[in-house]
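So the protein sequences, as listed, match chains P and G.
Yeah, the first sequence ends on 1258 if you go by my numbering, and it's all consecutive.
Yeah, the second sequence ends on 1258 if you go by my numbering, and it's all consecutive.
Every residue gets a Cβ at the ideal spot worked out from N, C-alpha and C, and that includes glycine.
Notes follow the structure.
Protein chains: 2
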Amino acid sequence: MTAHSPSARSRRERPAKPALTRDGIVDTAVALMRSEGLERVTMRRLAQELDTGPASLYVYVANTAELHAAVLDRLLGEVDLSPADATAPGDWRERLVRLLTSYVEVVFAHPALARAALVARPFGENYLGLVEAVLALLAEGGVPPRRASWGLDLLLQYATASAAEHSGRGQSPGAEDGWDALTRALLSASPARHPQIAALGSALLHGTGEERLAWGFQVLISGITAAPEPPTTPCTPPAPAS
Amino acid sequence: MTAHSPSARSRRERPAKPALTRDGIVDTAVALMRSEGLERVTMRRLAQELDTGPASLYVYVANTAELHAAVLDRLLGEVDLSPADATAPGDWRERLVRLLTSYVEVVFAHPALARAALVARPFGENYLGLVEAVLALLAEGGVPPRRASWGLDLLLQYATASAAEHSGRGQSPGAEDGWDALTRALLSASPARHPQIAALGSALLHGTGEERLAWGFQVLISGITAAPEPPTTPCTPPAPAS
DNA sequence: ACCTGAACACCGTTCAAGT
DNA sequence: ACCTGAACACCGTTCAAGT
């Protein structure tokens, strides 16, 4: 009586309960995210979609964070890496901005995923491809290795954080309150206590998200090429193996 | 029989159930975060701490995100703003880095809060004070208004994202897997498919978090002073009021 | 008028027990 | 050996009903 009536194609026209695999689970998770949003991609909801119990998923996925990282890596397959080709038009800076903008556009569609990415970095094939592409462009620009290594993190972190920041903005009608409140707080700053804020006024809020994103990339690229070489230190030793 | 035995000073030696106020709620939330971590600062757990039901909190706090933003603003009171004084030693760049480093140190203690801050910006008194201090230093450095406005966001976003990234790292023993896995993936990259990654190898992982943070500030500051002036656009119109 | 008990609709994760 | 039902220990938010 629990679930096994023979003709139980209760969900969609899936012909029979397919065998569980890690890839199958991630595929279903991606589909679920596209149809219902990341907030619905929970172990329980996903198990339900796969006609099983949540416990079964833990055979293939360590926890929710790992699942989300796997979903993000899948999504990263949509990033347009073509600007990294040396044959693409434009100088390396322009092409780097195009590449990173594509990344942001892909992640923008699911800001909650970007938020997760700041914590649990993905490390799948598609993420490696993105890293490779950014490094190729920095190398083409003559950025030396250590600066490129650290600059890579700066660029991807900025892109990811920019996408993450858009969670909640414009989602539910009440969610805009946060930004509204910040706007109000900035515009009503007292010239006595907060002279700088008061002096800038609405200039603080100038520009669209796209303009700011592009400007940020310019700042980072010019800073990466201009800043002093990072110090030479051995590979980060997280624990001295006591 | 539910809870009201007259001598019910069951929790600590709190003499009587104090009247609820927004400030009192946030105070208790901060104390709870310090003793049990942000993940325990839930509406239900907080209500329990205040000897009431969760519904009562919604009279004073709109939702969990707003609560966390309020907690963050309280925490921001600990940031050392003294480097913003024109009388403090060091040139403006050094003092700006000191100020931002203080911010990162404060937020670092509660990375989950930093993660929340990327989404629901705080907008309390202490946040305004921090913004004012950063703007004062940029002004002292002769950074023109529009660049200062956008640069402010870049600097604070970078600092916040850097703190947020440390969630999960070194928390539980299993949580390091994410970073370990990324390390393994980078170091074992195939020279054929990922030549740039393979060429850099362990250089990608060089340096401590502190070194990278400081370098990132240098990059941003030099980029902000060097990048072209942002375009002039009217105040960001989020919705054309249809 | 103000406050809140109790409910609704969910979560992640584990482990003893089944096949 | 492999898989999973059922439980444990929680969530946010709402609203009808109490004082």
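Restricting to Cα atoms, I'd like to know which of the options is closest to residue i.
i	options	result
P/A1125	P/E1052, P/L1236 and P/A1208	P/E1052
G/Q1064	G/T1176, G/E1082, G/L1036 and G/A1085	G/L1036
G/A1208	P/A1164, P/E1148, P/L1073 and P/L1116	P/E1148
P/R1109	P/G1158, P/V1075 and P/Y1074	P/G1158
P/P1246	G/G1069, G/L1236 and G/W1231	G/W1231
P/R1060	P/R1050, P/M1049 and P/L1073	P/L1073
G/L1088	G/T1058, G/V1042, G/V1075 and G/P1070	G/V1042
G/A1130	G/P1160, G/A1081 and G/E1141	G/A1081
G/S1218	P/E1227, P/T1248 and P/D1039	P/T1248
G/L1216	P/P1070, P/P1160, P/N1142 and P/L1221	P/P1160
P/N1079	P/L1202, P/R1038, P/R1090 and P/L1091	P/R1038
P/A1197	P/Q1212, P/A1047, P/G1225 and P/L1221	P/L1221
G/R1090	G/T1199, G/Q1212 and G/G1040	G/G1040
P/G979	P/P1211, P/A1177, P/Q1212 and P/G1069	As shown, chain P starts at 1017 and ends at 1258. That puts residue 979 of chain P outside it, with no answer to give.
P/G1140	G/H1210, G/E1141 and G/V1075	G/H1210
P/E1227	G/E1227, G/Q1212 and G/P1244	G/P1244
Which same chain residues end up closer than 8 Å to residue i when comparing Cβ atoms and leaving out the 5 residues on each side of it in sequence?
i	result
G/S1188	Reliability of the predicted coordinates at G/S1188 is poor, the pLDDT of 45 falling under 50, and no value is obtained from them.
G/G1190	Confidence is the limiting factor: at G/G1190 the pLDDT is only 45, short of 50, which leaves the residue's position unreliable, though a coordinate-based value still follows. No residues qualify anywhere along the chain.
G/V1150	A1100, L1112, L1115, L1116, L1168, L1171 and L1172
G/A1214	A1205, S1206 and P1207
G/A1201	none
P/V1046	V1087, R1090 and L1091
P/L1236	G1167, L1170, L1171 and Y1174
G/V1075	L1036
P/P1254	Residue confidence for P/P1254 is low, a pLDDT of 46 falling below 50, so the modelled location carries little weight and cannot support an answer.
Sorted by chain position, which residues of the same chain lie with C-beta nearer than 7 Å to residue i's C-beta, five sequence neighbours on each side aside?
i	result
G/P1145	For the record, residue 1145 of chain G in the displayed sequence is Gly; it is not Pro. Within the same chain, G/G1145 has close Cβ partners L1097.
P/P1127	A1179, A1180, H1182 and S1183
G/T1044	L1062, E1065 and L1066
P/M1049	V1057, V1087 and H1126
G/Y1119	V1095, L1146 and A1175
G/F1233	V1113 and L1116
P/T1265	For chain P, the structure presents residues 1017 to 1258; residue 1265 of chain P sits outside this window and is missing.
G/G1223	none
Excluding the five sequence neighbours on either side, which residues of its own chain have a C-beta within less than 6 Å of the C-beta of residue i, listed in chain order?
i	result
P/R1030	Interpretation of P/R1030 is limited by its pLDDT of 43, a score under 50 that renders its predicted location unreliable; the figure taken from the coordinates is listed afterwards. Nothing meets the Cβ criterion.
G/V1077	L1083
P/A1085	A1136 and P1138
P/L1054	H1126, A1128 and L1129
P/P971	The requested residue 971 of chain P does not occur in the structure, where chain P is confined to residues 1017 to 1258.
P/L1229	S1178
P/N1142	D1089, L1092 and G1093
G/Q1212	none
G/P1034	none
Using a Cβ-Cβ cutoff of 7 Å, what residues of the region 1113-1132 of chain P are near chain G? List them in chain order.
For the region 1113-1132 of chain P, the residues whose beta carbon sits under 7 Å from a beta carbon of chain G are, in order, R1131.
Any 3 or more C-beta pairs closer than 8 Å across the region 1125-1138 of chain G and the region 1169-1181 of chain G:
Result yes; three or more Cβ-Cβ pairs closer than 8 Å.
Please specify which runs of the alpha helix (DSSP H), each continuous and at least 4 residues long, are wholly inside the region 1047-1120 of chain P, giving them in chain order.
Runs of the alpha helix (DSSP H) spanning 4 or more residues and lying entirely within the region 1047-1120 of chain P occur at 1059-1065, 1070-1073 and 1080-1091, in chain order.
Validate contact between the region 1089-1098 of chain G and the region 1114-1124 of chain G using beta carbons, cut 8 Å, 3 pairs
Taking one beta carbon from each stretch, the region 1089-1098 of chain G and the region 1114-1124 of chain G have 3 or more pairs nearer than 8 Å; the two touch.
Count the CB pairs spanning the region 1232-1250 of chain P and the region 1161-1171 of chain P that are closer than 8 Å, and state whether there are at least three.
In the pairwise beta carbon analysis, the region 1232-1250 of chain P is classified as touching the region 1161-1171 of chain P: at least three pairs are separated by under 8 Å.
Say whether the region 1199-1214 of chain P touches the region 1149-1158 of chain P, bearing in mind that this needs 3 or more beta-carbon pairs closer than 8 Å, one atom from each stretch.
No, the region 1199-1214 of chain P is not in contact with the region 1149-1158 of chain P.
Run through the region 1191-1219 of chain P for me and flag every whole alpha helix (DSSP H) of 4 or more residues, listed as ranges in chain order.
Counting only runs of 4 or more, we get 1193-1203 and 1211-1216.
Three or more beta-carbon pairs under 8 Å between the region 1096-1111 of chain P and the region 1099-1108 of chain G, yes or no?
Too few Cβ pairs lie closer than 8 Å, so no.
Taking Cβ-Cβ distances below 7 Å as the criterion, which residues of the region 1210-1230 of chain G are in contact with chain P?
Going along the region 1210-1230 of chain G in chain order, one finds H1210, Q1212, I1213, L1216, S1218, A1219, L1220, L1221, H1222, G1223, T1224, E1227 and R1228 with a Cβ nearer than 7 Å to chain P.
Where the region 1157-1176 of chain G meets chain P: residues whose CB sits under 8 Å from a CB there:
For the region 1157-1176 of chain G, the beta-carbon criterion of a distance under 8 Å to any beta-carbon of chain P is satisfied by P1161, R1162, A1164, S1165, W1166, G1167, L1168, D1169, L1170, Q1173, Y1174 and T1176.
What are the start and end residues of each continuous beta strand (DSSP E) run of 3 or more residues lying completely inside the region 1108-1179 of chain G, in chain order?
With a minimum length of 3 residues, no continuous beta strand (DSSP E) run stays inside the region 1108-1179 of chain G.
Between the region 1075-1089 of chain G and chain P, which residues of the former have a C-beta closer than 9 Å to a C-beta of the latter?
Correct list: A1078, N1079, A1081, E1082 and A1085.
At a Cβ cut of 8 Å, what residues of the region 1233-1250 of chain G count as close to chain P, listed as they run along the chain?
So the list reads Q1234, V1235, L1236, I1237, S1238, G1239, I1240, A1242, A1243, P1244, P1246, P1247, T1248, T1249 and P1250, given in the order they occur along the chain.
Between the region 1088-1102 of chain G and chain P, which residues of the former have CB atoms less than 7 Å from a CB of the latter, in chain order?
Those residues of the region 1088-1102 of chain G that come within reach of chain P (Cβ to Cβ, closer than 7 Å) do not exist; the list is empty.
Give the residues from the region 1135-1154 of chain P that approach chain G closer than 7 Å (Cβ to any Cβ), ordered along the chain.
From the region 1135-1154 of chain P, only V1135, A1136, R1137, F1139, L1144, V1147, E1148, L1151 and A1152 have a Cβ closer than 7 Å to chain G.
Can you give me, in chain order, the residues of the region 1042-1071 of chain G that have a beta carbon less than 9 Å from any beta carbon in chain P?
Taking 9 Å as the Cβ-Cβ cut-off, the region 1042-1071 of chain G has no residue approaching chain P.
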